[in-house]
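Engineer: Residue numbers (the numbering used here), protein chains in the order written: chain A, 16 to 288; chain B, 125 to 438.
The C-beta atom is built at its ideal place from N, Cα and C for all residues, glycine as well.
In this text, all values refer to a predicted model and were calculated from it rather than measured experimentally.
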Amino acid sequence: MTAISNHRFVPNDPPRLVATPPLLRAQGLVKHYGRITAVQDVSLEVYPGEVLGVVGESGSGKSSVLRLLNLEEPADAGTYTLELPGWQGQNLLRLERFQQREVQILHIGIVYQNPHLGLRMRYTSSGNVAERLLITGERRYSTLRAAARASLATSEFPLDRMDDPPRILSGGMQQRVQLARAIALRPRLLLLDEPTTGLDVSVQAMVLDTLKRLQRELHLAIVIVSHDLGVIRTLADRVIVMRHGRVVETGLTDQVLEDPQDAYTQQLVHAKL
Amino acid sequence: MSHSTLAALATPRADYSYAFLDAFARRELRRRTLKAIAIPGYQVPYASRELPIARGWGTGGLQVSLALVGPQSVVKVIDQGADDSVNAANLRRFITRMSGAATTTDALQATILQSRHRIPEEILREYQTLVLQVPDPEPLRAVQSDSSRAHQMHADADYGQMWLVLYEQLVRYRQYLQGASYPSLVNGRYVISPSPIPRWDTPKLHQAAHLTLLAAGREKRLYAVPPYTDVYPLEFTDVPFQVEDQRDWRCRHTGVQHKFMNELPLADGSAGYELSDSGYQQKITAGTAPGATYYDDQGNFYHDGYLKPPVRPE
Ligand SMILES: Nc1ncnc2c1ncn2[C@@H]1O[C@H](COP(=O)(O)OP(=O)(O)OP(=O)(O)O)[C@@H](O)[C@H]1O
Ligand SMILES: [Mg+2]
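Right under this line is the structure:
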């Protein structure tokens, strides 16, 4: 288990949920890789400021769902909408590539378990963050420096290392660079794929603290994938449980983890206890 | 019994072939060239023909020149500024022998200027076409080795990584490092590699009166900067692009300053300088008045405000 003990139950505030539409709404997502069905009829919703946990065994399709939500790969079926100005009600999966890119860059941030997927290891850390602004057309060097510094500070990265390449940084610092890069343009949606797996326990605890703080301050909607039920317990308001590409159970984090209904979830929870 | 020779039986070559290229090759090259002019900075693929010189020795430029040349043309060929290098002399002889065109070393007399690594110092005019030889047309090569991916990036105007390279240079060295082939944005749309001309020459492409065609023989791509088109080197708004600083350099033959110079090691171990543009030097030596130049005698560029004073970022 993790060293996180300051677990705080965040009740879903019913009036808010009724008043605000979900930021993210995905229905009937399907993804095949050749003969493998990685994602089969997955539906999920995430409200602004809410954290949705995704758990499930290895190969259950968690990362595949995240890649679909990040518009990284074409889906085989399904609808996916984000409640963003200008994009309401549009199935993002059916947009042109350049439109998808615009949504992805401006409104979605992602952190991968493997920093090699999310970072340019040989460029400076600040450059990794500044690149997000460069893509949107920022052309003042001093603005880029300031923005990179601000995002890195927000993700609690030590600023005296900001011009070091991620290649020579520790795992925890690399994840903070990824995080700074993900939030550089203040997205509404943050996708986290095992962001703390592989970090040692105390570093993991600190990164989780940062994530919680960010989530509160930036009012982000977060989808976090993790094997580690402790991480999910610490961060997530709600959980979906996946197996063989399908959602087998969904509910409030405490409900699902304390009183699982599905036989597979029971196994999963007990295995972790 | 008739005495027909082989030559008499053959169709005269001029009927279907002129300036080495057959009519099909010429038509294809001209169509590609027109397309390149219509989409400034866009790299147009073309079927690069075999020529009696090796790929990598200016075959791209040569094909474009051969497709343009006519018997009335006046051709100048430049290699690193010089008209008299073996390579330039070879290309010039080949073009004129195949086409009957005249040759010159005077930049302003020429209707077609084929050049490797330089743009002349004298301001080219509307009646002129500059053909630049390009070894590698892809400005994204350094950041994206997959050429079909690079093609997609051009389509999306996805140049973030090119800017990132400049950002990295400023962080590490507090100045832009790229010397020749400085990446430049054409007509606000496509980033090009302007062939390995020095930074000194890059601004000359901006709002130029002449047509510039750039062609790579090995890579089989050609692209264009049409007359009066915007060309801007990639630069951050608060850290301006700089040309080579040769302010204190003086040509040892002519005493001229503020033109692009070659550095020469002298016998006494010191460095001497001479004009890189040999046609320009010839005019001055002969006492002929040269035409107006892109940089005046104080080193000011002819488009006011285009080049800005240096800034050293924090
Ligand atoms: N690019 C791909 N090509 C082929 N098959 C793939 C690809 N990506 C994923 N898969 C397959 O899809 C299924 C789901 O994989 P996915 O990576 O989404 O699982 P996961 O739940 O994230 O697993 P883990 O917990 O191990 O990260 C697996 O069977 C996997 O082998
Ligand atoms: Mg995974």
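Using a Cβ-Cβ cut-off of 8 Å, state whether THR378 of chain B counts as contacting chain A.
Structural biologist: Counting from 1 along the second sequence, the entry for residue 378 of chain B is found at position 254. So, not an interface residue.
Engineer: In angstroms, rounded to a whole number, what distance separates the CA positions of VAL349 of chain B and LEU309 of chain B?
Structural biologist: Translated into the one-based positions of the second sequence, residue 349 of chain B becomes position 225. Translated into the one-based positions of the second sequence, residue 309 of chain B becomes position 185. Near 10 Å, if we compare the C-alpha coordinates of LEU309 of chain B and VAL349 of chain B.
Engineer: Is there contact between the region 152-164 of chain B and the region 265-284 of chain B, where contact requires at least three CB pairs shorter than 8 Å?
Structural biologist: no
Engineer: Can you tell me where the alpha helix (DSSP H) holding SER305 of chain B begins and where it ends?
Structural biologist: In the second sequence, counting from the first residue as 1, residue 305 of chain B sits at position 181. Looking at the DSSP string, SER305 of chain B is not in any alpha helix (DSSP H), and its letter there is neither H nor E.
Engineer: Jot down the residue ranges of each uninterrupted beta strand (DSSP E) in the region 242-274 of chain B, minimum 3 residues, whole runs only, in chain order.
Structural biologist: Along the region 242-274 of chain B, the beta strand (DSSP E) occurs as fully enclosed runs of 3 or more residues at 253-257, listed in sequence order.
Engineer: What are the partner residues of GLN276 of chain A, as DSSP defines its beta bridges?
Structural biologist: Along the first sequence, read from residue 1 onward, the residue named residue 276 of chain A stands at position 261. DSSP, once it has assigned bridges, lists no residue as partnering GLN276 of chain A.
Engineer: In its own chain, which residues sit with a C-beta less than 6 Å from the C-beta of VAL255 of chain B, not counting the 5 before and 5 after it?
Structural biologist: As a position in the second sequence, residue 255 of chain B is number 131, starting the count at 1. Cβ within range, chain order: GLY185, VAL188, SER189, GLN238, LEU337.
Engineer: Does the distance from the CB of PHE365 of chain B to the CB of TYR156 of chain A come in under 8 Å?
Structural biologist: Within the second sequence, numbered from 1, the residue matching residue 365 of chain B stands at position 241. Within the first sequence, numbered from 1, the residue matching residue 156 of chain A stands at position 141. Here PHE365 of chain B is not near TYR156 of chain A, since their CB atoms are 8 Å or more apart.
Engineer: So with Cβ pairs under 8 Å, would you call TYR297 of chain B a contact of chain A?
Structural biologist: Along the second sequence, read from residue 1 onward, the residue named residue 297 of chain B stands at position 173. Not an interface residue.
Engineer: Check each residue of the region 184-204 of chain A: if its Cβ is closer than 9 Å to any Cβ of chain B, include it; give the result in chain order.
Structural biologist: none
Engineer: Would DSSP call ASP203 of chain B helix, strand or coil?
Structural biologist: Start at 1 with the first residue of the second sequence, and residue 203 of chain B comes out as number 79. In this structure, ASP203 of chain B counts as strand in the three-state DSSP scheme.
Engineer: Are any of the Cβ atoms in chain A nearer than 8 Å to that of GLY284 of chain B?
Structural biologist: Locating residue 284 of chain B in the second sequence gives position 160, counting from the first residue. For GLY284 of chain B, the answer is yes, since a Cβ of chain A falls inside 8 Å of its Cβ.
Engineer: Closest Cβ-Cβ distance between PRO307 of chain B and chain A: below 8 Å?
Structural biologist: Working through the second sequence from its first residue, we reach residue 307 of chain B at position 183. No, PRO307 of chain B does not count as interfacial toward chain A.
Engineer: Output, in chain order, the set of chain B residues within a Cβ distance shorter than 7 Å of GLY124 of chain A.
Structural biologist: Locating residue 124 of chain A in the first sequence gives position 109, where the first residue counts as 1. Within chain B, no residue comes near GLY124 of chain A; the closest Cβ sits about 16 Å away, beyond 7 Å.
Engineer: Below 8 Å between beta carbons: does that hold for VAL45 of chain A and SER241 of chain A?
Structural biologist: Taking the first sequence and counting its residues from 1, the one referred to as residue 45 of chain A is at position 30. Taking the first sequence and counting its residues from 1, the one referred to as residue 241 of chain A is at position 226. It is not a contact, given that the beta carbons lie outside the stated cut-off.
Engineer: Among the candidates A:ARG228, A:ARG182, A:ALA286, A:ARG201, whose CA atom is the shortest distance from the CA of ALA162 of chain A?
Structural biologist: Residue mapping note: residue 162 of chain A aligns to position 147 of the first sequence, counting from 1. Closest by alpha carbon: A:ARG201.
Engineer: Using DSSP bridges, identify the partner residues of GLY266 of chain A.
Structural biologist: Here residue 266 of chain A refers to the residue found at position 251 when the first sequence is read from its first residue. Its beta-bridge partners are A:VAL254.
Engineer: So is PRO29 of chain A buried or exposed if we call it buried at 16+ other beta carbons inside 10 Å?
Structural biologist: The residue given as residue 29 of chain A occupies position 14 in the first sequence. At PRO29 of chain A, the pLDDT of 49 sits below 50, so the modelled position is not reliable and the matter cannot be decided from this model.
Engineer: Give the single residue among B:ASP146, B:PRO169, B:SER141, B:ALA131 whose Cα lies nearest to the Cα of LYS449 of chain B.
Structural biologist: Any question about residue 449 of chain B goes unanswered here, given that chain B covers just 125 to 438.
Engineer: How is VAL271 of chain A classed by DSSP in three states: helix, strand or coil?
Structural biologist: Within the first sequence, the letter at position 256 stands for residue 271 of chain A. Here VAL271 of chain A sits in helix by DSSP.
Engineer: For GLN42 of chain A and THR353 of chain B, I'd like the C-alpha separation in whole angstroms.
Structural biologist: Mapped onto the first sequence, residue 42 of chain A falls at position 27. Mapped onto the second sequence, residue 353 of chain B falls at position 229. For GLN42 of chain A and THR353 of chain B, the distance between alpha carbons rounds to 49 Å.
Engineer: To the nearest angstrom, report how far apart ASP280 of chain B and SER73 of chain A are at their CA atoms.
Structural biologist: Position 156 of the second sequence, counted from the start, is the residue given in the question as residue 280 of chain B. Position 58 of the first sequence, counted from the start, is the residue given in the question as residue 73 of chain A. Rounded to whole angstroms, ASP280 of chain B to SER73 of chain A spans 36 Å at the Cα level.
Engineer: Which residues mark the beginning and the end of the alpha helix (DSSP H) in which ARG217 of chain B is found?
Structural biologist: Position 93 of the second sequence, counting from 1, holds the residue named residue 217 of chain B. 210-223 is the span of the alpha helix (DSSP H), which, as asked, contains ARG217 of chain B.
Engineer: What's the gap between the Cα of LEU67 of chain A and the Cα of GLN293 of chain B?
Structural biologist: Residue mapping note: residue 67 of chain A aligns to position 52 of the first sequence, counting from 1. Residue mapping note: residue 293 of chain B aligns to position 169 of the second sequence, counting from 1. Using only the alpha carbons, I get a separation of about 40 Å.
Engineer: Which chain B residues are close to GLY142 of chain A, counting only those with a beta carbon under 8 Å from its beta carbon?
Structural biologist: Locating residue 142 of chain A in the first sequence gives position 127, counting from the first residue. Ordered by position in chain B, the residues that pass the 8 Å Cβ test against GLY142 of chain A are LEU288, TYR291, GLU292, VAL295.
Engineer: Run through chain B and tell me which residues come within less than 9 Å of GLU146 of chain A, C-beta to C-beta.
Structural biologist: As a first step, residue 146 of chain A is located in the first sequence; it is residue number 131 there, counting from the start. Near GLU146 of chain A (Cβ distances below 9 Å), the residues of chain B are GLY284, GLN285, TRP287, LEU288, TYR291.
Engineer: Please tell me whether, using a cut-off of 7 Å, the distance from the CB of SER78 of chain A to the nearest non-hydrogen atom of ligand 2 is below it.
Structural biologist: Translated into positions along the first sequence, residue 78 of chain A becomes position 63. Result yes, Cβ under 7 Å from ligand 2.
Engineer: Pick helix, strand or coil for TYR127 of chain A, following the three-state DSSP scheme.
Structural biologist: As a first step, residue 127 of chain A is located in the first sequence; it is residue number 112 there, counting from the start. Residue state, collapsed to three classes: coil.
Engineer: Between the Cα of ASP420 of chain B and the Cα atoms of B:ILE408, B:ASP203, B:THR412, B:HIS382, which residue gives the shortest distance?
Structural biologist: By one-based count along the second sequence, residue 420 of chain B stands at place 296. The shortest C-alpha separation from ASP420 of chain B is found at B:HIS382.
Engineer: For GLU88 of chain A, is the classification buried or exposed, using 16 other Cβ atoms within 10 angstroms of its Cβ as the cut-off for buried?
Structural biologist: Taking the first residue of the first sequence as 1, we reach residue 88 of chain A at position 73. GLU88 of chain A comes out exposed.
Engineer: Could you tell me the alpha carbon to alpha carbon distance between ALA428 of chain B and TYR166 of chain B, rounded to whole angstroms?
Structural biologist: Locating residue 428 of chain B in the second sequence gives position 304, counting from the first residue. Locating residue 166 of chain B in the second sequence gives position 42, counting from the first residue. As written in the sequence, residue 428 of chain B is Asp, which differs from the Ala given in the question. For ASP428 of chain B and TYR166 of chain B, the distance between alpha carbons rounds to 28 Å.
Engineer: Return the chain-ordered ranges of every alpha helix (DSSP H) run that is complete within the region 146-176 of chain B and spans a minimum of 4 residues.
Structural biologist: 147-162
Engineer: Counting only beta-carbon separations shorter than 8 Å, does PRO434 of chain B have a partner in chain A?
Structural biologist: On the second sequence, position 310 is the one that residue 434 of chain B refers to. With 8 Å as the cut-off, PRO434 of chain B does not count as an interface residue toward chain A.
Engineer: Chain A partners of THR326 of chain B, CB-CB under 9 Å?
Structural biologist: Stepping through the second sequence from its first residue, residue 326 of chain B is reached at position 202. In chain order: nothing, as chain A lies at least about 18 Å away.
Engineer: Run down chain A in chain order and give the residues with a C-beta less than 7 Å from the C-beta of ASP362 of chain B.
Structural biologist: Against the second sequence, residue 362 of chain B aligns to sequence position 238. Correct list: ARG155, TYR156, SER157.
Engineer: So ASP280 of chain B contacts chain A; which residues on that side make the cut at Cβ distance below 7 Å?
Structural biologist: Locating residue 280 of chain B in the second sequence gives position 156, where the first residue counts as 1. Going along chain A in sequence order, the residues near ASP280 of chain B (Cβ under 7 Å) are PHE113, ARG116.
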